[in-house]
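K.L.:
Residue numbering for the sequence shown follows full-length UniProt numbering, beginning at 1 and increasing consecutively.
Below: one structure in structure tokens.
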Amino acid sequence: MLKSLNVAQTGLSAAKIAVENVSNNIANENTPGYKKRVVQLSELTLGDSRFTGSGVRADNAYRITSEYMFNNIMKENTKNSYYDEISSIVGNVEQMFKETDTSGFSNDLNRFFQAVENLRTTPSSELYKTTLKTTGSNLVDSLQNLYENIEQQESITYNRLEDNVQEINAILNDIGELNQQMGLSNNSTNDLLDKRDQLEKELSALVDIDVDRTDGDYQLKIGGAIAVRYNTNIREVNLVEDNTTQIDRFATEDANGTAIDSIANGRTFEIQELVLTGASNNNMILDSGITFTPNGESAIALDYDETEGKVLIDGGINGTEPFKITQEGVLTFEVTAQSNGDSFDFKTGDTITITTDADSDLTTFISGSANWTDNGDGTYTANSDNTVNFPDAGDSINVQRTVGTGLSDVDTTITYKFDNTHEVSVTFGDYVLDANGNQVDLDNDGVADQIDETNFIRALKYEINHNTYISEKVTAFNGNYEVDEDGNKIDLFSSDKFLVVEANQDGTDGSFIGRISITTATDGNDTIFKDDYQSVDAENKVYLAVYDSEVNVNSGIIKAQLENLTTTSPNNKIIDYKDKLDSLASALSDIYSKYVVEDNGSYTYGNISTDSYNGTKTVETLGLFSGSTVKTLVFNEEMVNDLDQEDLDYISSMQWKDDIDFDGFAQDGSTQEKSSFSEFFQEVRVNISSDKENNDFLKETQTAVVQSLEASYEQLTKVDSDEEMINLIQFQAAYTANAKIITVVDEMLQTLLGIRR
């Protein structure tokens, strides 16, 4: 009977613990991260088969959870946070581009166009001139305000990123402390596990994480990099900026893409300009060897693209580059008739060798022609431009042609143009002068050097490095340099190589736009841009690192922020919008700087195009805008006073011109995406709104996924007050029943004791 009393006592204790657990569940129903507890009841071990039982034991309370479902929630939550952050960034930018009927860049642009029209009707009106000055300056201010607002969003994003990295490290430290407490505690750690789960979920909103809780050995990875190891070994996450300095190389390259010792000097010819012009059959030089001396460039002609007007060759950067000549030398190629009567145009000075002539009729024709001189060694030299008809298919002539001449002309002027605001020039036959007007010794032999084809690179380098404005932004070198032990950059060559221009400040803050224009009387004008293969673009890279190793963040708020702060990221919305505005500013500056009007009333548009203009008309200078980016864009009000009727007619045509190129090169219609200034800006606005809408669609879809997972998870883990009330009634009844048993047993004991007395 005493055994029965003890069994009832265990029942009372178990029911009491269960009721206390129910009470705790109800109290924490709305506590974030709390998972309902269940008390595990088990029968006490029976030591003697003569007894019916030993009672019940209330083991530790355990949490109701599912690691699989929780890990999936964190994974999807990370994606959702990524879309949410992108939506915030793009949404803020979208607000900046909102316009009313009277305000916004579109209205400022229309007012500028109207001011031009008004002045065009009365060019002498001082009122209209003042209005044009005001609207032009307002146009620049409006564009720069948009750009500054985007940069402000960029700055806000970076500041938030710094805060988030600090929060990551704080969460990791908190997790480490919880793990330490759980390792030292002998009591239930359910509350600590709940707190750790909550911290993991908060961390998953920032970055993608992977948690391994196997056998109590806790490990947490961020982007695949271990951040918590052996429960309490915490590795700090660092924010790293790695900016790349812009380097422009005006150099050619060999077949491997390596810079060679030759400047891309503007005398760049493609095969069709030298060989195929006048050929009756485009295949007349295919499969023949093509070489160029002195630099030994060579290739095999594979095909002729009539649409592109280029011979495709085996060689060059990607196997389909046009064969190029970049200095004066001899081009050697083979011309072979594909059918009877094929013809080819030869140029004065061509030296030929007849390599195949089955019937000797080709030799007879050339040797008897007044257009050719027999050199007596089996070769002939053309006295004039002439056309040769090949009598038979298969007849073949080897041709040597001097090409690339022109840079040795005394009147050659080479100009380096910086950001479309400043420029320096060197002219063959002149001397470089220092600040005191003294002639400069370019090769350090003690004698001042006259500028010619052997030293113009060093002369241009000197002018760039001694221009007050340009030298603050960039430094020029003669070819690739070396860095000495003190960090100084030293030219390697004493003779001309190729022009290298490097920004003085790293990252996009030091970015610039430079080009070279060449003017000669004999060969005309040309424009050279940097070699894209050899040059280095300014870049800003921001990333997370653990132990100096980059962490590949795949999702989360941090991912969205890193993408929009790393300029090379294809998902960088901020840099995309800034680049579009820079393209607009560059086109404004270029197209309103210079122009040429032809006899038929057509125009050559812009500064870059007129740099290469070789016609007979005068290049007219406007200079209304200068600069190559939004930051450097300036409206030159003083130039308005010099506008005449012809200038205003040209300027006025811009508001209707719908084929403007915004690629930063010449206004030659070469790009497929052309539009007007108004259409281009509207397209920017539409793209921003489209980016916001597309991202929000993905965000809504991802939010639905997260909500669905959380609903299923909460159904399993969240406290249900109705269920808990049922449990309360159940355990209360158990407690009452066990108490009643104790009462009955007590009465029985009293009866027994009374009988003995």
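Ideal Cβ positions, reconstructed from N, Cα and C, are used throughout, including at glycine.
On the DSSP letters alone, give me the boundaries of the beta strand (DSSP E) that D174 sits inside.
P.N.:
Where D174 is concerned, there is no enclosing beta strand (DSSP E), although the alpha helix (DSSP H) it sits in stretches over E126 to L184.
K.L.:
For A58, does the three-state DSSP call read helix, strand or coil?
P.N.:
Reduced to three states, the DSSP call for A58 is strand.
K.L.:
On a Cα-Cα basis, can you pick out the residue from G349, A8, E241 and M96 that is closest to Y543?
P.N.:
Checked all of G349, A8, E241 and M96; the closest Cα to Y543 is E241.
K.L.:
Just reading off the beta strand (DSSP E) that S517 is part of, what are its end residues?
P.N.:
Here the beta strand (DSSP E) through S517 covers G514 to T520.
K.L.:
Could you please give the first and the last residue of the uninterrupted alpha helix (DSSP H) stretch that includes R458?
P.N.:
Taken as a continuous stretch (DSSP letters only), the alpha helix (DSSP H) holding R458 covers F456 to N465.
K.L.:
Taking all protein chains shown into account, do 16 or more other C-beta atoms lie within 10 angstroms of the C-beta of S721, making it buried, or fewer, making it exposed?
P.N.:
With fewer than 16 Cβ atoms within 10 Å of its Cβ, S721 is classed as exposed.
K.L.:
Are the CB atoms of V116 and L633 within a distance shorter than 7 angstroms?
P.N.:
Taking 7 angstroms as the Cβ cut-off, L633 and V116 do not qualify as a contacting pair.
K.L.:
The alpha helix (DSSP H) that contains V686, what's its start and end?
P.N.:
Its alpha helix (DSSP H) spans residues F677 to T717.
K.L.:
Taking I660 as the reference, which of L178, G510, S586 and T566 has the closest Cα?
P.N.:
Ranking the options by Cα distance to I660, first place goes to S586.
K.L.:
Beta-carbon within less than 7 angstroms of G627's beta-carbon, same chain only, minus the 5 sequence neighbours each way: which residues are those?
P.N.:
Closer than 7 angstroms at Cβ, skipping near neighbours: D419, N420, T421, A585, S589, L633 and V634.
K.L.:
Please classify residue 768: does DSSP put it in a helix, a strand, or coil?
P.N.:
Here the chain comprises residues numbered 1 to 757, so residue 768 is not present and cannot be evaluated.
K.L.:
Here's a check: name, in chain order, each residue in its chain whose Cβ is nearer than 8 angstroms to the Cβ of G296, leaving out the five neighbours to either side.
P.N.:
For G296, the predicted structure reports a pLDDT of 42, less than 50, and the residue's modelled location is therefore unreliable. The matter cannot be settled from this model.
K.L.:
Between which two residues does the beta strand (DSSP E) carrying Y82 extend?
P.N.:
Careful: Y82 lies outside any beta strand (DSSP E), inside the alpha helix (DSSP H) at E67 to M96.
K.L.:
Between the C-alpha atoms of Y533 and I591, what's the straight-line distance to the nearest angstrom?
P.N.:
If you take the alpha carbons of Y533 and I591, they lie about 28 angstroms apart.
K.L.:
Cβ atoms of I171 and V237: under 7 angstroms apart, would you say?
P.N.:
Taking 7 angstroms as the Cβ cut-off, V237 and I171 do not qualify as a contacting pair.
K.L.:
Per DSSP, what kind of secondary structure is F529 in: helix, strand or coil?
P.N.:
Coil, per DSSP.
K.L.:
Where does Q672 land, buried or exposed, given buried means 16+ other C-beta within 10 angstroms?
P.N.:
Result: exposed.
K.L.:
When you compare only the Cα positions, how much space is there between G319 and D509?
P.N.:
Because the pLDDT of G319 is 37, which lies under 50, any placement of that residue in the model is unreliable, and the number read from its coordinates should be weighed accordingly. Distance between the alpha carbons of G319 and D509 is about 36 angstroms.
K.L.:
What's the C-alpha gap between T427 and R401?
P.N.:
Using only the alpha carbons, I get a separation of about 28 angstroms.
K.L.:
Roughly how many angstroms separate the alpha carbons of P123 and I247, rounded to a whole number?
P.N.:
Roughly 45 angstroms separates the two Cα atoms.
K.L.:
Can you give me the Cβ contacts of T131 inside the same chain, cut-off strictly under 7 angstroms, excluding the 5 residues immediately before and after it?
P.N.:
So the qualifying residues of the chain are A115 and N118.
K.L.:
Go ahead and label E561 buried or exposed: buried means 16 or more other beta carbons lie within 10 angstroms of its beta carbon, across all protein chains shown.
P.N.:
A small fix is needed here, since residue 561 is Gln in this sequence, not Glu. Burial call: buried.
K.L.:
Mark E502 as exposed unless 16 or more other C-beta atoms lie within 10 angstroms of its C-beta, in which case mark it buried.
P.N.:
With 16 or more other Cβ atoms within 10 Å, it is buried.
K.L.:
Indicate whether E94 and L709 have their beta-carbon atoms separated by less than 7 angstroms.
P.N.:
No, the pair does not count as a contact, with Cβ atoms beyond the cut-off.
K.L.:
Tell me, please, whether the segment 540 to 560 touches the segment 600 to 608 by the rule of three or more beta-carbon pairs shorter than 8 angstroms.
P.N.:
Segments in contact, no.
K.L.:
Between D357 and the rest of its own chain, which residues show a CB-CB distance below 7 angstroms, the 5 nearest in sequence each way excluded?
P.N.:
Counting only Cβ-Cβ distances below 7 angstroms, and skipping sequence neighbours, we find T363 and D395.
K.L.:
On the DSSP letters alone, give me the boundaries of the beta strand (DSSP E) that F498 sits inside.
P.N.:
Unbroken run through F498: none, as it is neither H nor E.
K.L.:
Comparing alpha-carbon positions, which option in Q750, Y650, F365 and D582 lies nearest Y147?
P.N.:
With distances taken between Cα atoms, Y147 lies closest to D582.
K.L.:
Do you know offhand how far N572's Cα is from S712's?
P.N.:
When rounded, the distance between both Cα atoms is 35 angstroms.
K.L.:
Compare the Cα-Cα distances from D208 to each of N60, E747 and N80 and report the closest residue.
P.N.:
Looking at the Cα atoms, N80 is the closest of the given residues.
K.L.:
At a cut of 8 angstroms, does the segment 377 to 395 reach the segment 345 to 354 through at least three beta carbon pairs?
P.N.:
Output reads yes: the segment 345 to 354 touches the segment 377 to 395.
K.L.:
Can you list, in chain order, the residues of its chain with a C-beta nearer than 8 angstroms to that of N465? Leave out the 5 residues immediately preceding and following it.
P.N.:
The answer, listed in chain order, is S471, T475 and A476.
K.L.:
Would the segment 652 to 670 and the segment 171 to 182 be scored as touching if the rule is three or more Cβ pairs under 8 angstroms?
P.N.:
No contact exists between the segment 652 to 670 and the segment 171 to 182.
K.L.:
Leaving out five residues before and five after E29 in sequence, what residues of the same chain have Cβ atoms less than 7 angstroms from its Cβ?
P.N.:
V719 and S721, listed in sequence order.
K.L.:
Tell me whether the segment 143 to 161 and the segment 215 to 224 touch, counting them as touching only if at least three CB pairs, one residue from each stretch, are closer than 8 angstroms.
P.N.:
These segments do not touch.
K.L.:
Would a C-beta distance cut-off of 7 angstroms place L143 and V551 closer than the cut-off?
P.N.:
No, they are not a contact pair.
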